[in-house]
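Asker: I'd like to ask you about the structure that follows.
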Amino acid sequence: MASEELHTLLAVQDHDTALDQLHHRHETLPERAERQRLLRDGQAIAAERDQIAAQRDEIAEREAALEAELATSEARATQIDKRMYSGEVSASRDLQAMAEEIGRLKSFGSHLEDQALELLDQREPLDARIAELEARLTAMADEIRRLEQAIAIAEEEIDTEVGREQIARDGLAENIPDALLQRYDALRKKLGGTGAAPLNRSSCGGCHLTLPATEIDRIKHSPPDTLILCDQCGRILVPPG
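Going letter by letter, the sequence shown gives residues 3 to 243 in the working numbering.
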């Protein structure tokens, strides 16, 4: 094969390397990693918020039950008080019993109010913690949206570069024989993305190992159309010239 075809293959390799680097950049954008971290942290914060909210809701239910019981007790006391002063009851013994019942209901109501205050003391710090977590989640959501915008911009820029590199690569590849290009592609897939490398003095530009003097001498005296492979890594070697 002509030396020109091998040097064209080396140029194709340069474009393939650039494409690999662009794809790597696309997948490893720092904003993408930061977004994933925020999503994970957000899930943990949301789980904590939900757990605390469940505790708060349980306390709120107990508060509501106490308030309902207190309202019933107060309504009963008011009803008895009205009856006492309505004139319907005149017997002192009955009036005394009604007064005692009102006293008992007021005492019971005071006990219920104390319980409600205790529950309020338990609920308030939970409400504060939930509000704090909600604020953090809101801030994180804003940051995630900002990161997503940055990712979209970066991806668009990278995709544009990929398009340019791909067009240049494909244009050069058209000038390479199919058999050589297929062999190069197979080697590139097998050897970490590099299928062809320059011969730099006595070293392979792919594996960077020094070739034996006898191998260098053989390469120098090989016909121009000889396909030379590195005897260390197996990549296609392209001598200078």
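Using N, Cα and C, we set each Cβ at its ideal position, and we do this for glycine too.
Checking 8 Å against the spacing of the C-beta atoms, do Asp187 and Gly194 come in under that value?
Answerer: Position 185 of the sequence shown holds residue 187. Position 192 of the sequence shown holds residue 194. Against a cut-off of 8 Å, the Cβ pair of Gly194 and Asp187 comes out as no contact.
Asker: To test your reading of the DSSP string, which unbroken beta strand (DSSP E) runs of 3 or more residues are found completely within the stretch 184-210?
Answerer: Within the stretch 184-210, the complete beta strand (DSSP E) runs of at least 3 residues are 198-202.
Asker: Tell me, which residues are paired with Ile230 by DSSP?
Answerer: Residue numbering aside, residue 230 sits at position 228 when the sequence shown is read from its first letter. Note: Ile230 sits in a beta bridge opposite Leu239.
Asker: Can you give the beta carbon distance from Leu11 to Ile238, rounded, assuming they're within the 8 Å contact cut?
Answerer: Taking the sequence shown and counting its residues from 1, one reaches residue 11 at position 9. Taking the sequence shown and counting its residues from 1, one reaches residue 238 at position 236. With a Cβ gap of about 7 Å, Leu11 and Ile238 count as contacting.
Asker: Pull up the distance between the alpha-carbon of Ala133 and that of Leu121, whole angstroms please.
Answerer: Sequence index remark: in the sequence shown, residue 133 carries index 131 (1-based). Sequence index remark: in the sequence shown, residue 121 carries index 119 (1-based). Near 18 Å, if we compare the C-alpha coordinates of Leu121 and Ala133.
Asker: CB Arg131 to CB Ala62, shorter than 8 Å?
Answerer: Within the sequence shown, numbered from 1, the residue matching residue 131 stands at position 129. Within the sequence shown, numbered from 1, the residue matching residue 62 stands at position 60. Contact: no.
Asker: With distances taken Cα to Cα, identify the nearest neighbour of Ser75 among Ser205, Arg106, Thr162 and Ala55.
Answerer: Here residue 75 refers to the residue found at position 73 of the sequence shown. Measuring from the Cα of Ser75, the nearest candidate turns out to be Arg106.
Asker: Going by the DSSP bridge assignment, what does Thr212 pair with across the sheet?
Answerer: Start at 1 with the first residue of the sequence shown, and residue 212 comes out as number 210. Note: Thr212 sits in a beta bridge opposite Ser205.
Asker: Quick one, which of Gly208, Leu40 and Leu135 has its alpha-carbon nearest Gly236's?
Answerer: On the sequence shown, position 234 is the one that residue 236 refers to. Checked all of Gly208, Leu40 and Leu135; the closest Cα to Gly236 is Gly208.
Asker: Taking C-alpha atoms, which residue in Lys192, Glu158, Glu7 and Glu90 lies nearest to His25?
Answerer: Along the sequence shown, one-based indexing puts residue 25 at 23. Comparing Cα-Cα distances from His25 to each of Lys192, Glu158, Glu7 and Glu90, the minimum goes to Glu158.
Asker: So, with DSSP's three-state summary, where would you put Thr10?
Answerer: Counting from one through the sequence shown, the residue named residue 10 turns up at place 8. Looking at Thr10 - three-state DSSP - the assignment turns out to be helix.
Asker: Quick one: what does DSSP say Ile221 is sitting in, helix, strand or coil?
Answerer: Residue mapping note: residue 221 aligns to position 219 of the sequence shown, counting from 1. Ile221: helix per DSSP, three-state reduction.
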